[in-house]
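First to last, the protein sequences are chains L and V. All you need for the numbering used here is the position in the first sequence, starting with 1, plus 1. All you need for the numbering used here is the position in the second sequence, starting with 1, plus 1. Accompanying notes for the structure given below.
2 protein chains.
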Amino acid sequence: MTTPTGDQALIKRINTAIVLECILRGAPLSRAQISEQSGLNKATVSSLVQDLIDGSLVREIGTGQSSGGRKPVMLEFVATSGYAIGIDLGVNYIRGALVDMRGEIVAERTSSLRDSEPGAAFEQLCGCIEALIAEAPASPYGIVGIGVGVPGIVDENGTILFAPNLQWRDVPLQRMLSERFGLHVTIDNEANAGALGEQKYGAGRSIANLVYVSVGIGIGTGLILHKSLYKGSAGYSGEMGHLSIEAHGLSCTCGNRGCWELYASEQALLKQASSLGFGDLEELLSAADSGRQDVLELFAGIGEYLGIGIANIVNVFNPDAVIIGNRMSQARPWLENSLRQTVVQRALGFHLRKVQLLFAELGERSAMMGAAEMAISGFFSRIKSA
Amino acid sequence: MTTPTGDQALIKRINTAIVLECILRGAPLSRAQISEQSGLNKATVSSLVQDLIDGSLVREIGTGQSSGGRKPVMLEFVATSGYAIGIDLGVNYIRGALVDMRGEIVAERTSSLRDSEPGAAFEQLCGCIEALIAEAPASPYGIVGIGVGVPGIVDENGTILFAPNLQWRDVPLQRMLSERFGLHVTIDNEANAGALGEQKYGAGRSIANLVYVSVGIGIGTGLILHKSLYKGSAGYSGEMGHLSIEAHGLSCTCGNRGCWELYASEQALLKQASSLGFGDLEELLSAADSGRQDVLELFAGIGEYLGIGIANIVNVFNPDAVIIGNRMSQARPWLENSLRQTVVQRALGFHLRKVQLLFAELGERSAMMGAAEMAISGFFSRIKSA
DNA sequence: GAAACTTAGTTTATTGAATAGACAAACTAA
DNA sequence: TTAGTTTGTCTATTCAATAAACTAAGTTTC
């Protein structure tokens, strides 16, 4: 009633998960190797592997190299046992992908958001999802779920409480999508999705504690602590864009003053750049690329402010890595120096021994891949508890 | 080898823990009630309870009220099955307690630290521990462990890497104490210990996500996320005293600028108060108590700066509660208004719906009780895995 | 006050998961 | 060929949880 009680089914779930994990990590490997790596008895492994084969999640792919005895039968995860949809719903675009169970992209669609009003945007979103579903090959489990990253605060029921740049309030996107498609739907904010994406498929692969800093129009952060997303008490932690770094600085629409994102986001950059005659990030990037001094100084300034906030993050979380993602990560060449210098100057020495400063490997796909990962891991946790 | 594999012993450990948890929570209750609350079968509960009785951790205390059938045999946890030592090693004091397994204080000793040089302090600490051990009644498990909270950064091996106000560096306190006493020793920093103490025995009882802000000479924080201490990658997270709240503010010894503790700690208060002719916190408290206007304004100012940092904490962690502890919590009557006002003004509205702002209930005993709790929970996790 | 119900806790037989160890299958090396 | 090795399965055993029957000890009802 209260706590999940322990019985034999629990053991089996645990051990099945261990076996599956071994296969996912170790690519082609034999039952004997799984037994050795996991510490499980050979007989146990055989039995669990058989169940996984019966469940179409694993298959035999012929014999491997002998090392002086009987040849091993190699196993691999069946990446095509099902497919997941990952969506990055941006302020002015929709980016979606159909991925297999290993996160390989099978189909991808990007379109600009024609009308950000909730009703119209929802229809466009559904269109994108339908098109992706139509491209899915036949598979044992079909579409295992839909994950969506959104630029706003999401509660534990998948309702978008507030998306400032879309001007949305209280949009129950999870319910809407699951009613429409009859599939499992997970909604989370763009930064959490990005964090998951980088942790699973990108720069932070298998790092236990990392902070993903999504620097776009605003700044969002996704926290992965002890290998899992930390969401706070009501599901909306990580609003670090509104960390105050100047107690008596600029007033922010959030009610606070001196919020980080007023100094270090794309918006902050563009505001300063407007007096130089630049209108968007792309123009600034190419100007920097061609070496314009004033633009380089602009980027260095943003880098410094990013560093101030990141030093705070490092001091608070002592993470293994901080990953800078979203649009601003494209400016890496012109940010990195001043950013690193500031962090080294400002973070406590003990932390610096270990923390890595990384840039997103998936580029603009971090959030989309993370959204897909939410769907995939949702599927795995369902089959584990069934 | 890698992952802990699941077997029947694991089930038994899990279920024993569930049963014990029920008994710890539900005070006197019967086997039948445990079965109902936990969902475990009556027979299973009977068997596990018998093991716990054999292990002296639980005892029968006679029959209870019948509700229309056979009278139940009531069970309770044997709080005196063992004792733990909890120590708060301060900058200028040593506070220690002998507590039973339920955290009731059996004996307590406080002394001022005569000489903060590591060798001398260690001897005084050992003296305190010896005296407390001598007061322990005979019990099945004896002294189950020693927990120590220290004002500094501690690594995963219980070595004090750096304690600025004690001027200690690289003191392997855990090894020193466990060699001396032959007991299990846990060391953690004072803020982590305080967080644990308040979460287990104080204002934050059974709250899942809380941030304990220890406002003393400096500011430290202890993070309890998902009901367990979050320690970061190397064991020293939570250095929020060095969160920069004024990007271009005062220079701090840590290398950063505008650190929170330069504006909101006891040290900050005393610095401002010196021009008014006050030398320590106690004088200021009594002046405030007698209504001196300038002193009240001083406290209000500190309250505001505390609020600025706490608003940041709330935005970052979305905790269920923030608990203000250590010496400055005594100033609650004169801080609370300006503090609450600032937090309400600066934290994002969504968070405020849920977050509670609390003051430490254990007062100066938070860290000591948390240290004892570290020893007790260490004991429980040992008997679970044995 | 006896019969009928209720509740507490134990006993018994069963289920199912993991395991050790025996074993068969399939290979290498000499 | 023969000896040794490695892989994977089979068999008997152990152990924890469980359902169901059962004993024990009450209360309620008429």
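The beta carbon of each residue, even a glycine, is placed where N, CA and C say it ideally should be.
Asked	Found
For a test of the three-state rule: what should DSSP assign to L:ARG258, helix, strand or coil?	strand
Do V:MET329 and V:ASP89 count as a contact pair if the criterion is CB distance below 8 Å?	no
Does the region 168 to 186 of chain L come close enough to the region 357 to 364 of chain L that 3 or more CB-CB pairs lie under 8 Å?	no
Determine the direct distance from the alpha carbon of V:LEU49 to that of L:ILE309, and round the result to whole angstroms.	54 Å
Rounded to a whole number of angstroms, what is the C-alpha to C-alpha distance between V:VAL296 and V:ILE324?	24 Å
Where does L:GLY280 sit, in a helix, a strand or coil, going by DSSP?	coil
Contact between the region 302 to 317 of chain L and the region 278 to 290 of chain L is defined here as three or more beta-carbon pairs at a separation below 8 Å; is this criterion met?	no
Does chain V have any CB closer than 8 Å to the CB of L:PRO173?	no
Looking at chain L, is there any beta carbon in it that lies within less than 8 Å of the beta carbon of V:THR160?	no
Which residues of chain V have a Cβ atom closer than 8 Å to the Cβ of L:ASP321, listed in chain order?	SER234
Quick one: measure Cβ to Cβ for L:VAL107 and L:ASP101, integer angstroms, because I've assumed they're closer than 8 Å.	6 Å
Please confirm whether V:SER326 and V:GLU199 have their CB atoms less than 8 Å apart.	The question names Ser, yet the displayed sequence has Gly at residue 326 of chain V. The answer is yes: Cβ separation under 8 Å.
Can you grab the Cα-Cα spacing for the pair L:LEU414 / L:THR17, in whole Å?	Since the first residue of chain L shown is 2 and the last is 387, residue 414 of chain L is not available in this structure.
Chain L partners of V:ILE404, CB-CB under 8 Å?	Residue 404 of chain V is absent from the model: chain V starts at 2 and stops at 387.
Do we get a CB-CB distance below 8 Å when we pair V:GLN66 with the residues of chain L?	no
Contact check, L:GLY153 vs L:ASN190 under 8 Å by CB: the rounded distance?	6 Å
Just the Cα atoms here: how many angstroms apart are L:LEU114 and L:LEU299?	30 Å
Can you tell me where the beta strand (DSSP E) with L:THR64 in it begins and where it stops?	59 to 64
Give me the Cα-Cα distance between V:THR343 and V:GLY83, rounded to the nearest whole angstrom.	46 Å
The alpha helix (DSSP H) with V:ILE88 in it runs from where to where?	Where V:ILE88 is concerned, there is no enclosing alpha helix (DSSP H), although the beta strand (DSSP E) it sits in stretches over 84 to 90.
V:ILE130 and V:GLY97: beta carbons closer than 8 Å?	yes
Answer with buried or exposed for L:GLU136, where buried requires no fewer than 16 other C-beta atoms within 10 angstroms of its C-beta.	exposed
Can you pull the DSSP bridge partners for L:ALA164?	L:TRP169
Locate the alpha helix (DSSP H) running through V:THR45, then write down its first and last residues.	43 to 55
With DSSP as the reference, label V:ARG110 as helix, strand or coil.	strand
For L:ASP116, which residues from the same chain have a beta carbon less than 6 Å from its beta carbon, with the 5 sequence-adjacent residues on both sides left out?	none
Just by C-beta distance, which residues in the region 289 to 317 of chain L are closer than 7 Å to chain V?	ILE309, ALA312, ASN313, ASN316 and VAL317
Is the separation between the beta-carbon of V:PRO29 and that of V:GLY65 shorter than 8 Å?	yes
Check each residue of the region 186 to 220 of chain L: if its Cβ is closer than 8 Å to any Cβ of chain V, include it; give the result in chain order.	ALA209 and ASN210
How would you call L:ILE62, buried or exposed, if buried means at least 16 neighbouring beta carbons within 10 angstroms?	exposed
Considering L:ALA98, what are the terminal residues of the beta strand (DSSP E) in which it resides?	94 to 101
Apart from the five residues on each side of it in sequence, which residues of its chain come closer than 7 Å, Cβ to Cβ, to L:ALA132?	ARG110
Name the one or two DSSP bridge partners that V:GLY326 has.	V:SER215
In the DSSP assignment, what are the bridge partners of L:SER68?	According to DSSP, which records beta bridges pairwise, L:SER68 is partnered with nothing at all.
What is the DSSP secondary structure of V:SER378, counted as helix, strand or coil?	helix
Hey, would you say V:ALA164 sits closer than 8 Å to V:ILE220, going by beta carbons?	no
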